[in-house]
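A quick write-up on the structure given underneath.
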Amino acid sequence: ALVLDYDRKLQSLDDSEQRTRGELGAVAEQSARLEEQIRSIHADCIEIDRARLTLADISARREAEEAALTTAVSQIAQKEEEMHRLGIDRYDPRSHRALEEEITSLESARARLAEITAMLGREPVLGAERDSLVDEIKEFQDLLAEKRTTLTEIGYDDARKRDLEAGLEALRPLRDEFISITDRLSHEPEILGRVEAARAEQASLRTRESEIGESLATLGWTGEEQPAVNASLHALEDSLRTCCSEKTRLAEQISRLESLQSQLQGARAEAARLKDELELLRATRKIVAEYIVYLMQVVRSRIEADVGRILGEITSGRYDRVLIDEDFNLLIRDIDNDYPVERFSGGEQDDIAVALRIALSRYLAHLNRVCENTFLIFDEIFGSQDEERRNSLLLALRSQEAYFPQILLISHIPEMQGEFANTLLVELGSDQASRIQEVNQ
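Structure representation (structure tokens):
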């Protein structure tokens, strides 16, 4: 009886759904007709506005043409009145042309008269300017005559001038040599002083040489051993130079060794630091590896369990076992083998993605100890689902209300409107603006 009651209710709901769909179709058709009528009326209004503007333009042009016609008529009447006053019988076209030619010649004569009058008006100014230029020319002529007289008095000869300039150029090397000799002669006292100093030093050296000779004679030095002594001195000088060069080389080698020693000490200190850092890195790597193992064992197992349970609810128990490999790739158990996500259909991949998102959200909320004010948002997760899997997915989402008090679902499927407590319908208005209204259940 309960089953029959549910069947009748389902049949009643199906009938109500069919009627509602029929009414929605009729309303949609009527809305389309009304929109078509509105577009037609709008087009007619645009055409009427265009015709009204055209009519206004034509009226304005007609009024302007009428005003121009009235003006032309009045001008014609005025011209006729003037011709009547002149006397039409006395008018002669040839006399009129002769008068026009005479008037033209008189106008050219008047223009020439105006030019001549302007030129005559400038005559005093031009005369003054002419007198000034004549006076300046006379002054320049007087000055030129004075200069010529002066040149004659002093006996100026241009050829002689050129000869003198050539002789001057020939004497320039002698002048330069004279300047050089004069400069050297200016240092003569200094050179003489140096010569006297050298002579004094030479006398002192000779005196010293005599004293040394007397000392050597007193000591019984005959000078026969001098070549051997000189050879010994040269050998000692060579040995000294060799020792100096060896000392320099050893000093450079000691400096280089000291630099190498300081570098070695720095390298040893750096090696000790790197050794400590290596030990620290090894300890850190060991701890991280142990923590990864912990994550792989604890977190992975928990996520695997949650994903498998939620996916089993969505797929009605067909896929209820999920594995996560070392690279955290999902493997789904199907019959007797584990397969990657790419092996399944598009709808099944969407189910797996939803289950994984729910499991990860639950784990992150638990990890951060967030028990309240948590929510889930899903966008178009029913597009690739059939009705049976859609109902299973809804049941799985409702089972998560204990963990997520608020679940937001975005969908374009009309059947989803009655599945939640609150439904907001977003529509595009005629003014291209979005409008939101709450749908009553």
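Sequential numbering from 428 applies to the sequence shown in the working numbering. Glycine included, every Cβ here is placed at the ideal spot set by N, Cα and C. What you are looking at is a predicted structure, and each value in this text was computed from that prediction instead of being measured.
8 Å Cβ cutoff met for I751 and V781:
Translated into positions along the sequence shown, residue 751 becomes position 324. Translated into positions along the sequence shown, residue 781 becomes position 354. Contact annotation: I751 and V781 have beta-carbon atoms that are not nearer than 8 Å.
Mind checking V853: buried by the 16 CB within 10 Å criterion, or exposed?
Position 426 of the sequence shown, counted from the first residue, corresponds to residue 853. Looking at its Cβ environment, which holds fewer than 16 other Cβ atoms inside 10 Å, V853 is exposed.
Quick one, are the C-beta atoms of Q859 and T850 less than 8 Å apart?
As a working note, residue 859 is residue 432 in the sequence shown. As a working note, residue 850 is residue 423 in the sequence shown. No, these two residues do not count as a Cβ contact at 8 Å.
When the distance is taken between beta carbons, is L803 closer than 8 Å to I837?
Translated into positions along the sequence shown, residue 837 becomes position 410. Translated into positions along the sequence shown, residue 803 becomes position 376. No, the pair does not count as a contact, with Cβ atoms beyond the cut-off.
Is it buried or exposed for G810, if we count other Cβ within 10 angstroms and need 16 for buried?
Your numbering for residue 810 matches position 383 in the sequence shown. By the 10 Å Cβ count, G810 comes out exposed.
Which partner residues does Y766 have in the DSSP bridge list?
Translated into the one-based positions of the sequence shown, residue 766 becomes position 339. Note: Y766 sits in a beta bridge opposite I759.
Tell me which same chain residues have a C-beta within less than 8 Å of the C-beta of L571, skipping the five on either side of it?
In the sequence shown, residue 571 corresponds to position 144, counting from 1. Once the five neighbours on either side are set aside, L571 has no close Cβ partner at all.
The beta strand (DSSP E) enclosing Q864, as first and last residue numbers
Counting from 1 along the sequence shown, the entry for residue 864 is found at position 437. Taken as a continuous stretch (DSSP letters only), the beta strand (DSSP E) holding Q864 covers S861 to V866.
Taking the CB atoms as reference points, tell me whether S819 and T742 lie closer together than 8 Å.
Looking up residue 819 in the sequence shown gives position 392. Looking up residue 742 in the sequence shown gives position 315. Cβ atoms of S819 and T742: closer than 8 Å.
Classification of Q568 by the beta-carbon crowding that lies within 10 angstroms, buried from 16 upward:
The residue you call residue 568 lines up with position 141 of the sequence shown. Result: exposed.
When you compare the CB of V552 with every CB in chain D, is at least one pair closer than 8 Å?
In summary, chain D is missing from the structure at hand, where a single protein chain is found.
Beta-carbon gap between A823 and E717 smaller than 8 Å:
As a working mapping, residue 823 is identified with position 396 in the sequence shown. As a working mapping, residue 717 is identified with position 290 in the sequence shown. For A823 and E717, no; Cβs fall outside 8 Å.
Would you mind sorting D777 into buried or exposed? The rule is 16 or more other CB atoms within 10 Å of its CB.
The count along the sequence shown starts at 1 and reaches residue 777 at position 350. Buried, since its Cβ has 16 or more Cβ neighbours within 10 Å.
With DSSP as the reference, label E456 as helix, strand or coil.
Indexing the sequence shown from 1 puts residue 456 at position 29. It is helical.
Taking the alpha-carbon positions, what's the R626 to E617 distance?
Working through the sequence shown from its first residue, we reach residue 626 at position 199. Working through the sequence shown from its first residue, we reach residue 617 at position 190. Cα to Cα, R626 sits roughly 14 Å from E617.
Apply the 10 Å Cβ neighbour rule to D558 and answer buried if 16 or more other Cβ atoms are within range, or exposed otherwise.
Along the sequence shown, read from residue 1 onward, the residue named residue 558 stands at position 131. Looking at its Cβ environment, which holds fewer than 16 other Cβ atoms inside 10 Å, D558 is exposed.
Could you have a look at F809 and say whether DSSP puts it in helix, strand or coil?
Taking the first residue of the sequence shown as position 1, residue 809 is located at position 382. Here F809 sits in coil by DSSP.
Can you give me the C-alpha to C-alpha distance between R466 and R460, rounded to a whole angstrom?
Translated into the one-based positions of the sequence shown, residue 466 becomes position 39. Translated into the one-based positions of the sequence shown, residue 460 becomes position 33. C-alpha separation (whole angstroms): 10 Å.
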